[in-house]
Structures are given as structure tokens and as C-alpha cells.
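Engineer: There's a structure below that I have some questions on.
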Amino acid sequence: PYSYTPPGRNHLAVPGPVNIHEQVMRAMDRPSQNHRDPWFPPFFQQILEDTKYIFKTTEGTPFIFPGTGTGGWEVALTNTLSPGDKVVTFRYGQFSHLWIDMMQRLGLDVQVVEVEWGGGADEAKLEQILKADTDKKIKAVAVVHNETTTGVTSDIGQVRQVMDSVSHPALLLVDGVSSIGALDFRFDEWKVDAAVTGSQKALSLPTGLGLVAVSQKALEARKTAQLKRVYYDLEDQLATNPSGNVPYTPSIPLLYGLRETLGLIKAEGMDNVIARHHRLAEGTRKAVEGWGLKLLCKEPRWNSDSLTVIKTPEGVDSGKIVKEAYSRYNLSLGVGLSEVAGKVFRIGHLGNNDEVMVGSYLFGAEMAMISAGVPIEPGSGVSKAIEYWAATSNVIPTRG
Ligand code: PLP
Numbered sequence: 035p036y037s038y039t040p041p042g043r044n045h046l047a048v049p050g051p052v053n054i055h056e057q058v059m060r061a062m063d064r065p066s067q068n069h070r071d072p073w074f075p076p077f078f079q080q081i082l083e084d085t086k087y088i089f090k091t092t093e094g095t096p097f098i099f100p101g102t103g104t105g106g107w108e109v110a111l112t113n114t115l116s117p118g119d120k121v122v123t124f125r126y127g128q129f130s131h132l133w134i135d136m137m138q139r140l141g142l143d144v145q146v147v148e149v150e151w152g153g154g155a156d157e158a159k160l161e162q163i164l165k166a167d168t169d170k171k172i173k174a175v176a177v178v179h180n181e182t183t184t185g186v187t188s189d190i191g192q193v194r195q196v197m198d199s200v201s202h203p204a205l206l207l208v209d210g211v212s213s214i215g216a217l218d219f220r221f222d223e224w225k226v227d228a229a230v231t232g233s234q235k236a237l238s239l240p241t242g243l244g245l246v247a248v249s250q251k252a253l254e255a256r257k258t259a260q261l262k263r264v265y266y267d268l269e270d271q272l273a274t275n276p277s278g279n280v281p282y283t284p285s286i287p288l289l290y291g292l293r294e295t296l297g298l299i300k301a302e303g304m305d306n307v308i309a310r311h312h313r314l315a316e317g318t319r320k321a322v323e324g325w326g327l328k329l330l331c332k333e334p335r336w337n338s339d340s341l342t343v344i345k346t347p348e349g350v351d352s353g354k355i356v357k358e359a360y361s362r363y364n365l366s367l368g369v370g371l372s373e374v375a376g377k378v379f380r381i382g383h384l385g386n387n388d389e390v391m392v393g394s395y396l397f398g399a400e401m402a403m404i405s406a407g408v409p410i411e412p413g414s415g416v417s418k419a420i421e422y423w424a425a426t427s428n429v430i431p432t433r434g
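full-length UniProt numbering applies: residue 35 is where the sequence shown begins, and numbers increase by one.
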């Protein structure tokens, strides 16, 4: 007896987990293997080395943990800071909020700059705070690069510039969970001290890996950092990783998948990956304009190329659009979270996506909005995306 399964496929348009490339799925489809056998160290060492490409680092040390982005947050904090240490950070969405909650629960002294949702890291305010900190009590500045609740990408280069302009020695800790591997991220140039991502975002793998790159300065900081850490202690990784080993059982299928996805990214070229994300996002933003709707993001300089967060008209529950999309069209859109629940819906276009895929999300979103009673003209958004993509499309390099 078969239970009903819709024909076709689930159209996954959320900002993580992301569609997995077929080649990556096949790479993960392996029988179990023993990571204590001699094949593992060179295999793992090469993967660690290859992750540097997405962080744009040659100077940082990468770590791969079984876990998720949240685990990566904990790695960044507990390995660099001590109870009562002062951290400055911004709250502009649910993920920055949750990271702040972790900081507070770990016993850090957190100075939160509240930013209206839709805004990004306020560099002027940061400058004011760092300038006033004449005895350098602030030990870290923590920033969520791409706030996945609001579709806002903050300017980490500017944050670094502010820190340098006042010669502040604080560590720069960055959540790159929905940016690294999709957006321009420059670990070395921005002198980031810890950068975090998770496998289910731009890397387009199943959930289950937390990736963290750490600077030399952060590695030094761990020698005096007193926050309690066990599973996420870098010490255990540093004792094993240099010889290609791991302190506890790795997820081997995920590592095969990571090797494959890093290979795909490298073959496409990071600059091309970044440009692709920009085109897909621009097409989506054109569609939003065509629908006559507005982004939650307040300033174009913060527009996210990972995902688009769309405000629904007054009186329309965005949850209804998401429900209609899933129940009628097998399309999974992102709901509005927390403060913006019912007010926005999200279209993820990071990672393994192309025009036809994102076009199908726009098509489905348009149909779902019509089902939910949003007064939009059929084709009004999709046609704008088509115009933009048709005018800017590229021949696939191997098909010229
Ligand atoms: N940070 C950001 C920006 C995110 O988008 C997410 C998840 O969506 C997280 C952190 C938490 O990551 P995870 O769910 O992998 O623990």
C-alpha cells in the first residue's frame, strides 16, 4: 500500500537547508568506512585545506566539527573569551538574537546595539562605542554577516575599518552561516578572528557540519580564554588535525559531500559563484518590484544575495502564502520568524541554484500569493525576473 506522494518534486526555496547537487548526493552515497584506516588522514587533510577557499583565507586555520552553525557560534565564543568578558554586538533579527542569547548564557557581558529589523550593523554606533572604550575593556565585536531572518547583509569590511580606525584590539567574530560560500567573504583581508558556517547553507549539503576558520590571534586568545568548553575545544582538534585525524567519529558521508561541493565551487570559481548569487538575487528583487511589494531590507547597500525577504501587504498573513505554496504547489518558502512572523515570507536562493530553479520559486510564490488573496497581476513578478535574467545570462562555460 502506497501513501500518496505528490508527483514531481518538492521545490525547496528556503535559505537552508539548500538543494543538494546530484553529484554531491552520489558522492555521499557510500558504505561506512573506518576513519582509523590509513586512507582517512590524507583525505581529511585535503578537505580541511580546501575549505580555506570559501573563507578566502591562507592565514586562518579551518576546523570542521560535527554539529551545526549554532555549534560554530559556541566554538568561536568559548575558545576565545572568559566569563565576564565584554562583547559588543548588534541585534537585527532572530539569528543575531539567538547568538546574543548564547553569549549571555555563557556569562559574557554583552553590550547589544539594537537595530530595527531590516537594518544592518551600524558602523557609526560601533565607532562611538569603541572610541569610548579607552581602557580597551571590549574583548570582541561579534557580527552576523547575513541575517537570515531579514535578508540583510552587513558590511564586515566597514566593521573592520571602524575597528582599525580607532586602533581597537578586540577580536572580530563573524557569523557567516548564510554568507560564506555564497557571498563575498574575505577572512584575511577583513582580519576576521573567527568565522562560522554550517553545511546546509551555501555549501548545499545536509545539515551536520559546523565549519569555523580561526585566526592566529584567536588561537593565541584560546590560551587564556577561560570559558568552559569540552566537545568544542579547539585543543582536541589541534592535537589531531595536523596529522589528518579527528578527536571523535566524523560523518564520513558528509565529508565526501563536502569534498565534492568544494570541488564544484572551486571549478566554478568563487568570483563566479558570488556573481551568480548576485544575478539570482537581482532577478528576485526585480520580481518583488513587479509584484508591487517591498523588501524588509531597508537600504540597497544591505540587500542580501543569499535570500530575499518580502513584506506582505497590510492585512495579508504571510504564513498563509507559505501554507498555500506548500499545500497546493509543493513549494517550500521561508516563513517570517519571531518579530516578523505573519509579516514577511522568504525566498532562499543561495547555494546550488540557477535561474530556472529560482524562476520556479518566483512562479510558485506568485501562484501562492494569488491563492492567498494578494492582489497581484499574474506574471507581474516573473516577467521582470525573466527580462533581467535574459538580458544578463551567460553561456555555461562547458557549453559554449
Ligand atoms: N546563523 C544564521 C545567520 C543562520 O541563518 C542560522 C540558521 O539558519 C544559524 C546561525 C543557526 O545555524 P544552525 O541552524 O545550523 O545551528
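A virtual CB, placed ideally from N, CA and C, is assigned to each residue, including glycine. On a predicted model such as this, the values are computed, not experimentally measured, just so you know.
With DSSP as the reference, identify every bridge partner of residue 45, one or two as the case may be.
Structural biologist: Note: residue 45 sits in a beta bridge opposite 365.
Engineer: Closest to residue 307 by CA distance: which of 383, 400, 181 and 226 is it?
Structural biologist: Nearest C-alpha to residue 307: 383.
Engineer: To which residues of the same chain is residue 44 closer than 7 Å at the C-beta, ignoring the five residues directly before and after it?
Structural biologist: Hits under 7 Å: 364 and 366.
Engineer: Whose CA, out of 330, 320, 191 and 270, lies closest to the CA of residue 220?
Structural biologist: The residue with the shortest Cα to Cα distance from residue 220 is 191.
Engineer: Which same chain residues end up closer than 6 Å to residue 410 when comparing Cβ atoms and leaving out the 5 residues on each side of it in sequence?
Structural biologist: Around residue 410: 325 and 403.
Engineer: Within this structure, are the beta carbons of residue 172 and residue 216 separated by less than 8 Å?
Structural biologist: No, Cβ-Cβ distance for residue 172 and residue 216 is not below 8 Å.
Engineer: Residue 375: buried (16+ other C-beta within 10 angstroms of its C-beta) or exposed?
Structural biologist: By the neighbour-count rule (16 or more Cβ atoms within 10 Å), residue 375 is not buried but exposed.
Engineer: Given a threshold of 16 other Cβ atoms within 10 Å of its Cβ, counted over all protein chains shown, does residue 429 qualify as buried or as exposed?
Structural biologist: Classification for residue 429: exposed.
Engineer: Does the beta-carbon of residue 96 have 16 or more other beta-carbons within 10 angstroms, so that it is buried, or is it exposed?
Structural biologist: It counts as buried.
Engineer: Determine the closest residue to residue 80 out of 290, 390, 372 and 234, with distance taken between C-alpha atoms.
Structural biologist: Per the Cα distances, 290.
Engineer: So who's on the other strand from residue 74, going by DSSP bridges?
Structural biologist: DSSP output for residue 74 lists no bridge partner at all.
Engineer: Give the straight-line distance between the Cα atoms of residue 180 and residue 218, rounded to the nearest whole angstrom.
Structural biologist: Cα to Cα, residue 180 sits roughly 11 Å from residue 218.
Engineer: Is residue 429 near ligand 1, judged by its Cβ being under 7 Å from some heavy atom?
Structural biologist: Not so, every heavy atom of ligand 1 lies at least 7 Å from the Cβ.
Engineer: Measuring alpha carbon to alpha carbon, tell me which of 342, 378 and 137 ends up nearest residue 47.
Structural biologist: Ranking the options by Cα distance to residue 47, first place goes to 342.
Engineer: For residue 82 and residue 327, I'd like the C-alpha separation in whole angstroms.
Structural biologist: C-alpha separation (whole angstroms): 43 Å.
Engineer: Only counting the same chain, and skipping five residues up and downstream in sequence, which positions put a Cβ closer than 8 Å to that of residue 259?
Structural biologist: So the qualifying residues of the chain are 112, 113, 114, 115 and 116.
Engineer: Near residue 256, which residues of its chain fall below 7 Å by C-beta distance, leaving aside the five closest residues on each side in sequence?
Structural biologist: Cβ neighbours of residue 256 beyond the five flanking positions: 113, 114 and 268.
Engineer: Got a sec? Which residues, its chain only, sit under 6 Å from residue 163 by beta carbon, not counting five neighbours each side?
Structural biologist: Excluding positions up to five away in sequence, the list reads 122.
Engineer: Locate the alpha helix (DSSP H) running through residue 157, then write down its first and last residues.
Structural biologist: Segment 157-166, the alpha helix (DSSP H) holding residue 157.
Engineer: Which residues does DSSP pair with residue 96 in a beta bridge?
Structural biologist: DSSP lists 247 as partners of residue 96.
Engineer: How long is the line joining the alpha carbons of residue 407 and residue 434, rounded to whole angstroms?
Structural biologist: Their Cα atoms are separated by approximately 44 Å.
Engineer: Could you spell out where the beta strand (DSSP E) holding residue 124 opens and where it closes?
Structural biologist: Segment 120-125, the beta strand (DSSP E) holding residue 124.
Engineer: In this structure, what does DSSP give as the bridge partners for residue 145?
Structural biologist: DSSP lists 122 as partners of residue 145.
Engineer: If you scan the stretch 338-403 from start to end, which runs of the alpha helix (DSSP H) of 4 or more residues do you find wholly inside it?
Structural biologist: Complete alpha helix (DSSP H) runs here, min 4: 352-363.
Engineer: Check the C-beta distance from residue 149 over to residue 160 and give it rounded, since I have them as a contact under 8 Å.
Structural biologist: The pair is not a contact, with the Cβ atoms about 11 Å apart (cut-off 8 Å).
Engineer: Buried or exposed: which applies to residue 275, given that a residue is buried once 16 or more other Cβ atoms fall within 10 Å of its Cβ?
Structural biologist: Buried, because 16 or more other Cβ atoms sit within 10 Å of the Cβ of residue 275.
Engineer: Shorter than 7 Å, the distance from the beta carbon of residue 295 to the closest heavy atom of ligand 1, or not?
Structural biologist: No, ligand 1 has no heavy atom inside 7 Å of this Cβ.
Engineer: For the stretch 268-322, list the beta strand (DSSP E) runs that are entirely contained and at least 3 residues long, ordered along the chain.
Structural biologist: Complete beta strand (DSSP E) runs here, min 3: none at all.
Engineer: Throw me the rounded Cβ distance for the residue 419 and residue 346 pair, which I believe falls under 8 Å.
Structural biologist: That pair is no contact at about 19 Å.
Engineer: Relative to ligand 1, is the shortest distance from any of its heavy atoms to the C-beta of residue 129 smaller than 7 Å?
Structural biologist: It does: the Cβ of residue 129 is within 7 Å (strictly closer) of some heavy atom of ligand 1.
Engineer: Could you tell me whether the Cβ atoms of residue 298 and residue 57 are closer together than 8 Å?
Structural biologist: For residue 298 and residue 57, yes; Cβs fall inside 8 Å.
Engineer: Can you pull the DSSP bridge partners for residue 205?
Structural biologist: Looking at the DSSP assignment, residue 205 forms a beta bridge with 174.
Engineer: Check whether the Cβ atoms of residue 200 and residue 231 sit closer than 8 Å, and answer yes or no.
Structural biologist: No.
Engineer: Could you give the distance in angstroms between the alpha-carbon of residue 280 and the alpha-carbon of residue 98?
Structural biologist: In a straight line, the C-alpha of residue 280 is about 9 Å away from that of residue 98.
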